[in-house]
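Protein chains in written order, with this note's numbering: chain A, 1320 to 1719; chain W, 29 to 539; chain H, 473 to 916.
Encoded as structure tokens, the structure appears first; notes follow it.
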Amino acid sequence: MSELTKDPYDPLLQVQKDAYRCGKCMLCKYIDHEEITDTDFMTLCPSGARFKYEAYFASGRQEIARGLLEGTLEYTDSLKHVLFTCTECGGCQVICSEQGNKNPLKTIVALRERAFRDELAPLPEHEALIKSIENYDNPWQQPRARRDAWMKKMGLADARKQKVDVLYYVGCTMAYDPKLQNIARTTAEILQKAGVSFGVLGKDELCCGSTLLRMGDYDAYETRARKNVDMLNSVGTERIITSCSGCNSVLREEYEDFGGLDSEVMHSLEMVDDLIQSGGIKLKKPVKKKVTYHDPCHLGRYTGVYDAPRRILEAIPGVELVEMPRNRANAFCCGAGAGVKTAYPDFAAWVAGERVREAESTGASAIVTACPFCEQNLGEATGPGMEMLDILELVHESMV
Amino acid sequence: MAVKQVDMTTKEVYTELLGKLKKIVGDEWATDDPVILIGYSRDQSLETAHNPNVVVLPESTEQVVKIVKTAREYNAPVIPWSTGGNTGGGCIPQRGGVTVDMRRMDKVLDIDVENMSVRIQPAATFGKVYVEAEKVGLRNAVPSAPASVSMLANHLDKGVFQVSNKYGVGTDSILGLVIVLPDGEILRTGCLQQDNYGSICVEGPGPDISGIFHASMGTMGICTEMVAQLYPLPAHEEIMPAEFAGDDLDAVSEFLRQVAREDCSLETILFQDGYLALGLTPNQDGAETLRPQMPRQSALVYYGGETEEELEIRREQLDVIVERTGTELSPDMMLELLKELVPWKRVFKIIQVTPRVERLSGCFELFWFNINMNQAPHFARQFMKFARNNFADTNPETSDRPYPYEETTFYLQPLEFGRSGMLEMDAYPNQGEPEGIKRGLAMARDVIPFICEEGGHFDRPYGGEKSGFGWVQTPLLGTYFDLLKAVKGTLDPANLMNPGRLGISADQAGV
Amino acid sequence: MAARSGPNPRLARARLREIMVDPARFTDEPQVISSYVEPGRSADKVLCVVYPRGQADIEHVLGIARAYDLAVYTPIPWGLVPERVGVVVDYKCMAQINSIDITNLFLDVEPGVTWEQALPELATLGVRVALPAAARSPYILESALEREVILPACRFTNRQLSTFHAMLADGREYRSGSEALESSVAHWREDGGPNISRIFTGSRNSFGLPLRGFVFLYPEPEDRGVTVRGFSSRKQACALAQKCARSEVGTEVVVLSKAKAVDLMGEDPGLSAWSVIFGLEGSARLVAYQKKRVDELAGELKLKPVAGKAKLTEAAGVALGRPWYAPQTSFGFYTNFNRVEELSSRAEGELKGTGRIAQMIIPVKRGASVYVQYDVRDAKDTASGAVKKLLPDLADAGAFFPNPTGSLATHIFKKQASYMKMLKQLKEIMDPDDMLNSGQVVEV
């Protein structure tokens, strides 16, 4: 082993042991072998599937960490490409943490942190996102004032001014993307119909910082996260729900690093699942569709929510659920995460195309999911004959 | 013959070579970018990492031919990489050169259901083939290796299987090969020697030249296609776990020998407590909780057949052996745990034990060799001594993971009616620390000569000069070694195909 | 090494006679010599036949051959076609059974040990060898080296040889597998690296002269049984054989035409046009189960075979207990079951009228492929010409001949230039003067 970096604050020192101990079993490239049903769909790593060189898989990224630690690798454009084409889907993490007792995702995160620290990052395409979050509290370069445009005329309670049980944290993408605002409205309508005491933050809602974290700008993320923890704790609801899987995993898991939230955090579909099970929501109208469910990485692998969406789909009369070969913890990423869609749109489109191809192989006529990033990216890859739906849209359609 | 080499620097040579390789495979699939190259510098062994100069990803035999011929023009070493799962340094380009990553050649080309064979490319993994074969009521031999490794490479490397007593080792399952020779010619052997042979399972025609490519790690050519045997999937299968206390292998090796001799099992596997606990639990904590409750040695015998009646009959045969040898069977709790492994996909749990052992310290250092079954206890005892000598005083202040010698594990596979056995002995140096690697190498220096002196025979000449079986044993093999050098010198006079392997040094290769 | 004297047949012959010492181990009788040569060929090039006693004799013979530029031939089943002046080495005096290891199941033999010699000794020790189904010579080691098909090919590998010792043309001793390591105790057939030793197999000693070999033994089973099923058609017989093989029912599974059955077991009015003989072994219960299973599997195929009666079954059992020799005019090839009818029709078309045709079909490796053998009994003059014409045609059509010699070998090997080149390169390495069975397998 060559002499390592002498910088005691090098983020890679935290993952040095993993980098050296990667035993090259190569299981990080594939879904759990016990779950393979179709060998056309057994690769797990999106960047590895597309670019194929070792460096694009977790096993290769461990070697890159080693090379940087030993000073044998320099920062180049190709290094940026290897580091930032990872969607941080967590697939390798799930497989390797079980099989190899290592945390490749931690290595990837550390690599990005170091890239930021050493000013290799942000990528030019990401700079715009970071500035937007800084200036407008959202990555979409949209004014704060328009954050509540989706809820006009809905008469929703302001959670800061009224006592409510539940805070509905909408998230930036659903708040601003015109194609997805409908899902925020649908969610609110479902909660209203179910008689849930809930409110929103409207224009005062802040970006959760997930984008900053996944891209690697940890300092900016930390600033935002601390601010958000304070603010959300001050709202003081029993529960916080969100329709965005990215927000869900950050609020639920990552904010623990800063003391965590006092409220119970869950994805909105989990609450809807509870309501269906308890009879608070009645699904009577048939929705005749053959659907397949895409597990968002940040809902599935990051927070372990697999069963709730499936229970919901099975409860909707008329819906036939067929699983893709890669599902649950083995789900193939949509391709959008961790800033990939912004920096490498062609690659993100390729990944989405692969996932849509997989959905088509099931014979389903709709992909259902629970994450706005997934809906955006997969939605752009679907063609006629394949709808892209949010799970709560189906619930809404079936509700009496 | 090298072109312009005398006047060019190494960088210039490889830059020019890279340009030509890109014309063969396309711009995207060849590179000399260090960021990419580093991914090919290590494998599971303790060998020193070393980058290639260039990596290229072909998608056909024809492209491999062109790559080999072009590399030859530049005197560039060529190192094939199927899935990179080599445990003996075979993929590491110790002298630089061109790593040929076969990942784009990962297809299961055809399964002949009636004649039980499969035609595969180098990067088709065991897992992939297993899933496809199972759909048609067949299976490949289950290796003691991860599901993610190349079935083609493992078979060529004389992979030992849990079914080896019944079906032999990897080379016994090879029906035909397509090899790109060092001069770029294509050679087809066995059932592929002619297009219309079908999938016949006998060597030839004539003198069996396919053996030259077994365990050769690409030194004699690159295999781009293989027809391999598949086997019937048993309709009924059960496990009989037998347990043995203590570190000694006396009782268990005799038990396994008798099971093999009676030919009444489908598979046999020997695990120590730690190793089996790793296979049965989802994480390290679980393994450490389970381990103290497990017997020191567990011999898992899978038995069964086409009908339930056959299953019963095989069990009867095994019961007779159990009684005769005074073997104790594991209690119900263990059987229930293991029964989860019986359905057809259980093989992946077992073969994913290999990567799970990496939980311990990131790698394991393995020595596997052939012996008579009754020699196993002697080797195991001495190995434990070596492990204690090399690792027991690991300083907890400088290492976060001192190696407890109790973690030393053994895998004993009887072969062919118990005529001989393959014994694997594993140590777990911490690859994450310089000290760990040092101790691992010291261990190899103790163990390998001991094995050779005591009559253990390595049938794969793995490893580089620091830690390899090949470097110690191969020169001891008399006329075989002379012929090996001569064959290598004839097929690859410039010693460009994965040089530094087989225990043949550069001057011995006649370069 | 002795200086090369150059060709001098008379002197060479004299030297060979001298080193053999015992007159019984040397002959230059023309009638004896010509028995080793292909009928109709001239035997002029063969100086003499020697019968060495051991390794030292072999070494001396090779030394003389090198000195006098002779070829060294060993017998070929269809007869030698000697192009070079040389000597024939016949192993019949190297007939020592070195040891019988009943624990590790190896039979350690010299090349001249025959089946008939070994079988009684093995029987007393409760072990046995896998018997040949089409032996071309009486020698166990030769059969193993040439990978001859065995009766239990359905269950056991055709490669019955573990390790062996051989002498190269230059007099060096070669040891295969784990034997190459002096300290090794186990006999493990795989070499300590690339399996160069496999070149010796199927080569008719073109790369080295065998000195000793370790052949697999098997424990005698607790029980044995035999059952015979008769069919009116080959197709039905093969269907049952394939099914049983795949189901791992049967240690020996052999399909016989009536003519072949008569040759092996004698006339029997109970013989059908086609018979499938099953040799079953294991525990008593397993044998009974497998007998029953044969009929169950026949039922699954909707076949209605005729069960062999006691006398026929007994004869079959006796036949399975002895080696089967291939007659002089016979040939065998490998294919898959789904091509048996096609290749058989082709063969029978050519063989029509050449004599009494007998056929045997043996599933190999659980029926993954199949061995097909044709014997021509009471062969007419036209028979050998017909066979000679047929074999290359069959090879072109996809019949796999595992160890061809002479013109058939050349015909097959040269289909692939690289294959031929590789064989020549290996021959050049191991026998640069092309002494060993010169021209019989690998044309240099």
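Every residue gets a Cβ at the ideal spot worked out from N, C-alpha and C, and that includes glycine.
Owing to the predicted nature of the structure, the values given are computational and were not obtained by experimental measurement.
Following the DSSP letters along the chain, one finds Ser73 (chain W) in no alpha helix (DSSP H), marked with neither H nor E. Within the region 1410–1422 of chain A, the residues whose Cβ lies closer than 8 angstroms to any Cβ of chain W are, in chain order, Ser1416, Glu1417, Gln1418, Gly1419, Asn1420, Lys1421. Ranked by Cα distance from Pro105 (chain W), the first of W:Asn114, W:Gly113, W:Val126 is W:Val126.
Nearest neighbour of Pro489 (chain W) by Cα position, chosen from W:Met268, W:Leu505, W:Ser326, turns out to be W:Leu505. Its Cα nearest to that of Glu1389 (chain A), the residue A:Thr1324 stands out among A:Ala1368, A:Ala1429, A:Thr1324, A:Glu1589. With 16 or more other CB atoms across the displayed protein chains lying within 10 angstroms of its CB, Gln912 (chain H) is buried.
Around the Cβ of Ser172 (chain W), a 10 Å sphere holds 16 or more other Cβ atoms; the residue is buried.
In the same chain as Ser1529 (chain A), and ignoring 5 residues on each side of it, the C-beta atoms closer than 7 angstroms to its own belong to Gly1565, Cys1566, Val1569, in chain order.
At least 8 angstroms separates the beta-carbon of Leu1331 (chain A) from that of Lys1348 (chain A). For Ser176 (chain W), the nearest CB of chain A lies under 8 angstroms from its own CB, placing it at the interface with that chain. Comparing C-alpha distances from Ala1507 (chain A) to each of A:Thr1406, A:Tyr1488, A:Tyr1540, A:Ile1635 shows the shortest one belongs to A:Tyr1488. Leu366 (chain W): member of the alpha helix (DSSP H) spanning 360–367, first to last residue. Think of a sphere of 7 angstroms around the beta carbon of Met894 (chain H): the chain W residues whose beta carbon falls inside it are Leu215, Ile237, in chain order. Taking Cys710 (chain H) as the centre and dropping the five residues before and after it, the same chain places the C-beta of Val727, Phe809, Val812, Ile833 closer than 7 angstroms to its C-beta, in chain order.
For Arg647 (chain H), there is no enclosing alpha helix (DSSP H); the enclosing beta strand (DSSP E) covers residues 645–647.
Along the length of the region 499–549 of chain H, whole alpha helix (DSSP H) runs at least 4 residues long occupy 502–506, 527–539, reported in chain order. In the three-state scheme derived from DSSP, where H, G and I count as helix and E and B as strand, Trp499 (chain W) is classed as helix.
Linking His1400 (chain A) to Gln1418 (chain A) through their CA atoms gives a straight-line distance of about 27 angstroms. It is roughly 10 angstroms from the alpha-carbon of Val1610 (chain A) to the alpha-carbon of Met1707 (chain A). Rounded to whole angstroms, the gap between the alpha carbons of Met1643 (chain A) and Tyr1612 (chain A) is 8 angstroms. A buried status is given to Ala408 (chain W), since no fewer than 16 other beta-carbon atoms sit within 10 Å of its beta-carbon.
In this structure, the alpha-carbon of Pro521 (chain W) lies about 39 angstroms from that of Lys194 (chain W). Within the region 493–513 of chain W, contact with chain H at the beta-carbon level (separation under 9 angstroms) is assigned to Phe497, Gly498, Gln501, Thr502, Leu504, Leu505, Gly506, Thr507, Tyr508, Phe509, Asp510, Leu511, Leu512. A distance below 6 angstroms between beta-carbons, with the five flanking residues on each side excluded, links Gly1672 (chain A) to the following residues of its chain, in chain order: Ala1700.
Judged by their CB atoms, Leu357 (chain W) and Ala270 (chain W) are nearer to each other than the 8 angstroms cut-off. Contact between Ala181 (chain W) and Ser110 (chain W) holds, since their C-beta atoms are separated by about 4 angstroms, short of 8 angstroms. Between Arg473 (chain W) and Glu493 (chain W), the alpha-carbon positions lie close to 10 angstroms from each other. In chain order, Lys186, Val188 place their CB closer than 6 angstroms to the CB of Val197 (chain W), counting only its own chain and leaving out the 5 sequence neighbours on each side. In the DSSP annotation of this structure, the continuous segment of the alpha helix (DSSP H) that includes Phe478 (chain W) starts and ends at 462–481. By the neighbour-count criterion, in which 16 or more other beta carbons inside 10 Å mark a residue as buried, Ser1717 (chain A) falls on the buried side. Glu290 (chain W) is positioned such that its CB atom lies no closer than 8 angstroms to that of Leu339 (chain W). Nearest neighbour of Asn1547 (chain A) by Cα position, chosen from A:Gly1578, A:Ser1562, A:Cys1563, turns out to be A:Gly1578. In this structure, the CA atom of His532 (chain H) is about 14 angstroms from the CA atom of Pro682 (chain H). With respect to the 8 angstroms criterion, Lys517 (chain H) and Glu555 (chain H) are classified as neighbours on the basis of their beta carbons. Any Cβ of chain W closer than 8 angstroms to the Cβ of Tyr1339 (chain A) would place that residue at the interface, and such an atom is present. The C-beta separation of Met133 (chain W) from Ala151 (chain W) comes to about 6 angstroms, placing the pair in contact by the 8 angstroms criterion.
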